[in-house]
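Each residue of the sequence shown is one higher than the last, beginning at 4 in UniProt numbering. Cβ atoms here follow ideal geometry from the backbone N, Cα and C, with glycine treated the same way. Working notes for the structure below.
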Amino acid sequence: QEDIFKNVISHAKEYGFIFPSSEIYDGLSAVYDYAQNGVELKKNIREYWWRAMVQMHENIVGLDAAILMHPTTWKASGHVDAFNDPLIDNKDSKKRYRADVLIEDYAEKLNQKAEKEIEKARARFGEAFDEQQYRTTNPRVMEYLSKKKEILERMAKSLDSGDLDDVKALIEELEIACPESGSKNWTEVRQFNLMFGTKLGASAENAMDLYLRPETAQGIFVNFLNVQKTGRMKIPFGIAQTGKAFRNEIVARQFIFRMREFEQMEMQFFVKPGEEIKWYEYWKETRLKWHQSLGLGNENYRFHDHEKLAHYANAAADIEFNFPFGFKELEGIHSRTDFDLKAHEQYSGKKLQYFDTEENKNYVPYVVETSVGLDRMFLAVFSKSLVEETLEDGTTRTVLRLPSVLAPTKAAVLPLVKKDGLPEIAKQIIDDLKWEFNVTYDEKDAVGRRYRRQDALGTPFCITVDHQTIEDQTVTLRHRDSMMQDRVKIDALRDIINENVSV
Ligand code: ATP
4 QEDIFKNVIS HAKEYGFIFP SSEIYDGLSA VYDYAQNGVE LKKNIREYWW
54 RAMVQMHENI VGLDAAILMH PTTWKASGHV DAFNDPLIDN KDSKKRYRAD
104 VLIEDYAEKL NQKAEKEIEK ARARFGEAFD EQQYRTTNPR VMEYLSKKKE
154 ILERMAKSLD SGDLDDVKAL IEELEIACPE SGSKNWTEVR QFNLMFGTKL
204 GASAENAMDL YLRPETAQGI FVNFLNVQKT GRMKIPFGIA QTGKAFRNEI
254 VARQFIFRMR EFEQMEMQFF VKPGEEIKWY EYWKETRLKW HQSLGLGNEN
304 YRFHDHEKLA HYANAAADIE FNFPFGFKEL EGIHSRTDFD LKAHEQYSGK
354 KLQYFDTEEN KNYVPYVVET SVGLDRMFLA VFSKSLVEET LEDGTTRTVL
404 RLPSVLAPTK AAVLPLVKKD GLPEIAKQII DDLKWEFNVT YDEKDAVGRR
454 YRRQDALGTP FCITVDHQTI EDQTVTLRHR DSMMQDRVKI DALRDIINEN
504 VSV
């Protein structure tokens, strides 16, 4: 699995999807740039979401709120006081950990210790060694494994409930269970606010402290009444938005899974109080179906219902995806009650209420939110699409089986040779198709190698122009996944591609 993940990262770089940010200065940790192909794939995912949410729902409209907001927004939303992650420092190594990552690291070390014991035993017993039997009968190895599991489980629970003293005590317990894994040089576990601060204004005295938004949702809440009134929206209705969010993540690893600057695609659905659970269930199912519609395999998704709820929620679930490092959160669906709108009423002194003409009364609507990370979607799609295939003749090929609707380039047009007027015909085909699709031209190397290059880029079609084209206006149409080739009329290309790349 680790190898698969490494392949994903290097493929993303080698084929112009994702580069580390400011790489000539050795990069900036957990910040990435989308390159020439990545930007297209990302845009296509965003559009696929927007179409499903805004275009296909008469009662959902879009919004593009600013990243910078009045600082009181974040007081009202609870982010100033409660948007924290527990962290701990190791004074010895000067390393800083998010507490749950530390737990993972300990787990890893304890596993290594158990593995070492097993290796030693294998060396001692030689051929007669039976690992399974050894594990079940040798109390020393088992002690490590079971002790570890038991402490880690308790630790995860304490972390989840924010009981930091408990976490601290458990870390000490872990050190005793696993003495070789470190000294007692840990600082206290403490809370770290994840918002990036910045300043507005020229002079130091008059500057106003601002935050870069850690989520796009608040831009929707503060605009709720503006949109409702000007759009004459009737409850239930939704406001959708995509845009950048910033979090000063303590430990940012796993490539674009956890970034410090990332993009969210969020929709807040405003409903009548008392109807929120019905809509919460509706959106859970609807969002899962949206993910599954991409054809990456239904078995790669699952729900994780939250037992412990955030202060603003009365129901919450994640859609988890099977990433190269296991099932992790891809999207959150939250029933946020009237927490946000009420808080903004309180802090702003403005009414944020809806007049329900059927009920003939005012109320603060309840909110059901769907929130998905665009970069995480990118990683989900990209990692599941990247496959190494063994062909019938025993050779292998790397192919990025992206859903055609998301592919950065829909077709590559390739003249078989660089002469006899074939490049001119190829360019004419590009000029005809480029109004509707991203198409690309390639004349370098043998045609087989060009096919493989397009496979690795995820291009669903290659169109090859050869000498027969001059005679009968047909080209070879090669399909990425099946590698099958058809002979088709140039005039038919647009319809064929359209049929395959539309939703
Ligand atoms: P996690 O538990 O992974 O930190 P979260 O529960 O804090 O995520 P939310 O606040 O619910 O996440 O944000 C909604 C979505 O935004 C997540 O489901 C995820 O897809 C995305 N997201 C959140 N934080 C990041 C990040 N640092 N980098 C990339 N995407 C993120």
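Same chain, Cβ closer than 6 Å to residue i, neighbours up to 5 away in sequence not counted
i    : result
G222 : A68
M380 : I48
R305 : E323
T245 : R49, M268
R101 : D88, L90, I253, V254
A346 : A79
M270 : M56, G241, A243, T373
8 Å CB neighbourhood of residue i in its chain, flanking five on each side removed
i    : result
H314 : G81, A85, F342
R455 : R400, T401
R483 : V402, R404, Q457, D458, G461, T462, P463, F464, C465
N441 : E43, P411, T412, K413
L382 : V11, F258, I259, F260, F326
Same chain, Cβ closer than 7 Å to residue i, neighbours up to 5 away in sequence not counted
i    : result
S186 : Note that S186 scores 47 on pLDDT, short of 50, meaning its location in the model is unreliable; the coordinates nonetheless yield the value given after this. Contacts found: D95.
T75  : Y350
F195 : N87, D88, L90, I253
N40  : Y18, G19, F20, P411, L460
Y51  : V408, L409
P23  : G30, Y35
F8   : P327, F328
N503 : S407, P463
W286 : F272, I336, V371, T373
H309 : A319, A320
R261 : A33, E252, A255
R490 : T477, T479
Run of the beta strand (DSSP E) containing residue i, from where it starts to where it stops
i    : result
R256 : Neither: R256 is in no beta strand (DSSP E) and is coded neither H nor E.
I91  : 87–93
Q115 : Looking at the DSSP string, Q115 is not in any beta strand (DSSP E); the run it does join, the alpha helix (DSSP H), is 102–128.
P23  : 21–23
G200 : 200–203
Residue range of the alpha helix (DSSP H) that includes residue i
i           : result
S386        : 377–388
L177        : 167–180
F342        : 342–351
L419        : That residue, L419, is in no alpha helix (DSSP H); it is neither H nor E in DSSP.
A79         : 75–79
V230        : 227–233
E266        : Per DSSP, E266 belongs to no alpha helix (DSSP H); it is in the beta strand (DSSP E), 264–274.
H314        : Taken as a continuous stretch (DSSP letters only), H314 belongs to no alpha helix (DSSP H), as it is neither H nor E.
H294        : 279–295
residue 587 : This structure gives no information on residue 587, because the portion of the chain shown stretches from 4 to 506.
F326        : No alpha helix (DSSP H) contains F326, which is instead part of the beta strand (DSSP E) from 318–326.
F497        : According to the sequence shown, residue 497 is Arg rather than Phe. First-last of the alpha helix (DSSP H) with R497: 496–504.
Burial state of residue i (16 or more Cβ within 10 Å)
i    : result
D88  : buried
T393 : exposed
S388 : buried
A131 : exposed
L480 : buried
E43  : buried
T472 : buried
M211 : exposed
T201 : exposed
P406 : buried
L162 : buried
M487 : exposed
L71  : exposed
R235 : exposed
P142 : exposed
F273 : buried
E279 : buried
Q136 : exposed
K179 : Rather than Lys, the amino acid found at residue 179 in this sequence is Ile. Result: exposed.
K119 : exposed
A220 : buried
A117 : buried
L203 : exposed
Y37  : buried
Y444 : exposed
R216 : buried
Check: residue i C-beta below 7 Å from any heavy atom of ligand 3
i    : result
G335 : Here the bound small molecules are ligand 1; ligand 3 is not part of this structure.
Chain C contact for residue i (CB, 8 Å cutoff)
i    : result
V254 : Checking the listed chains, one finds no chain C in this structure; it contains a single protein chain.
Quick test of the definition: if touching needs 3 or more C-beta pairs under 8 Å, does the segment 425–440 touch the segment 370–385? The segment 425–440 vs the segment 370–385: no contact.
Is it a yes or a no for the segment 223–231 touching the segment 23–31, going by three-plus beta-carbon pairs under 8 Å? no
Tell me whether the segment 416–423 and the segment 466–479 touch, counting them as touching only if at least three CB pairs, one residue from each stretch, are closer than 8 Å. yes
Whether or not the segment 234–249 and the segment 53–68 are in contact is what I'm after, with contact meaning three or more pairs of Cβ atoms, one per stretch, closer than 8 Å; do they touch? Using a Cβ-Cβ distance cut-off of 8 Å, the segment 53–68 and the segment 234–249 are in contact, since at least three pairs of beta carbons, one from each stretch, lie closer than that value.
Is it a yes or a no for the segment 353–366 touching the segment 255–272, going by three-plus beta-carbon pairs under 8 Å? no
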